[in-house]
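Here's the structure, in structure tokens; my notes come after.
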Amino acid sequence: MRRKVYTREHILKAAYELINKEGFGNFTARNIAKQMGISTQPIYLEFENMQDLKNTLVEAVFKDLSENVFPVERTGDKVIDLGLNYIHFAQEKHNLYIALFVDDYGGGKLMHDFSSDYFKKLIKSEPKYADLSEEAIIALHNGAWIVVTGIASLMSAGIITPTDEQIIKVIEETIAGILDKDTKDIFIFQ
Numbered sequence: 025m026r027r028k029v030y031t032r033e034h035i036l037k038a039a040y041e042l043i044n045k046e047g048f049g050n051f052t053a054r055n056i057a058k059q060m061g062i063s064t065q066p067i068y069l070e071f072e073n074m075q076d077l078k079n080t081l082v083e084a085v086f087k088d089l090s091e092n093v094f095p096v097e098r099t100g101d102k103v104i105d106l107g108l109n110y111i112h113f114a115q116e117k118h119n120l121y122i123a124l125f126v127d128d129y130g131g132g133k134l135m136h137d138f139s140s141d142y143f144k145k146l147i148k149s150e151p152k153y154a155d156l157s158e159e160a161i162i163a164l165h166n167g168a169w170i171v172v173t174g175i176a177s178l179m180s181a182g183i184i185t186p187t188d189e190q191i192i193k194v195i196e197e198t199i200a201g202i203l204d205k206d207t208k209d210i211f212i213f214q
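Each residue of the sequence shown is one higher than the one before, counting from 25 in my numbering.
Following this line, the structure appears as structure tokens:
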């Protein structure tokens, strides 16, 4: 009898489907195996442990976000586009957004670190922002992250329904305020 082979990719796909549907709260080998209709053995043959699977999954999701979601051009300003794309992602993939960026069990610091690295590379590739100091880049990332995540969360909860034009204006004002020498210091924290 021929045995069915479950690859790393099969397991990652099932894990992705699980967190997209239920978040990380039910992220167990047993639940992933159940989703696939298999035992847990193939999971532990491919991954050291569940943390290894989770880290690999978060890396794969962030790779997808950084290649297919975040770089979509909407305004021509990469920072504003990133904010809008993040908000659109939160609306379109609500459960995944919550699992990765909000939930206690989610990507947490790993997602923040990925996002921060992505943001720094983006800033350096945008002529408008290329000459910013490291301190200004950190302030811009932190301030924009707070504002955009706030908008995304409030929209996801159905509390506010701004248009893209309104969101763009808020992001533009946030950027201008952060880059103002007098307010930049309040966003330098780690």
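Every residue, glycine too, gets a C-beta built ideally from N, C-alpha and C.
Backbone secondary structure at residue i - three-state DSSP
i       : result
Thr-64  : coil
Ile-183 : coil
Glu-72  : coil
Leu-124 : helix
Gly-100 : coil
Thr-31  : coil
Tyr-110 : helix
Ser-157 : coil
Asp-137 : helix
Asp-88  : helix
Asp-188 : helix
Phe-48  : helix
Phe-143 : helix
Asp-105 : helix
Distance CB(residue i)-CB(residue j) smaller than 8 Å
i       : j       : result
Val-93  : Ala-168 : no
Met-60  : Ala-38  : yes
Thr-173 : Met-179 : no
Tyr-153 : Ile-162 : no
Lys-144 : Asn-44  : no
Leu-69  : Ile-56  : no
Leu-164 : Ile-202 : yes
Gly-47  : Ile-122 : yes
Ile-199 : Leu-108 : no
Glu-97  : Asp-105 : yes
Phe-86  : Phe-138 : yes
Asn-79  : Leu-36  : no
Ala-114 : Ala-160 : no
Supposed contact pair residue j and residue i - C-beta distance, whole angstroms, cut 8 Å
i      : j      : result
Pro-66 : Tyr-30 : 4 Å
Gly-81 : Tyr-40 : Here residue 81 is Leu; the residue named in the question, Gly, does not match the sequence. Leu-81 to Tyr-40, Cβ: 6 Å. Contact.
Is it a yes or a no for the region 70-80 touching the region 41-52, going by three-plus beta-carbon pairs under 8 Å?
Result yes; three or more Cβ-Cβ pairs closer than 8 Å.
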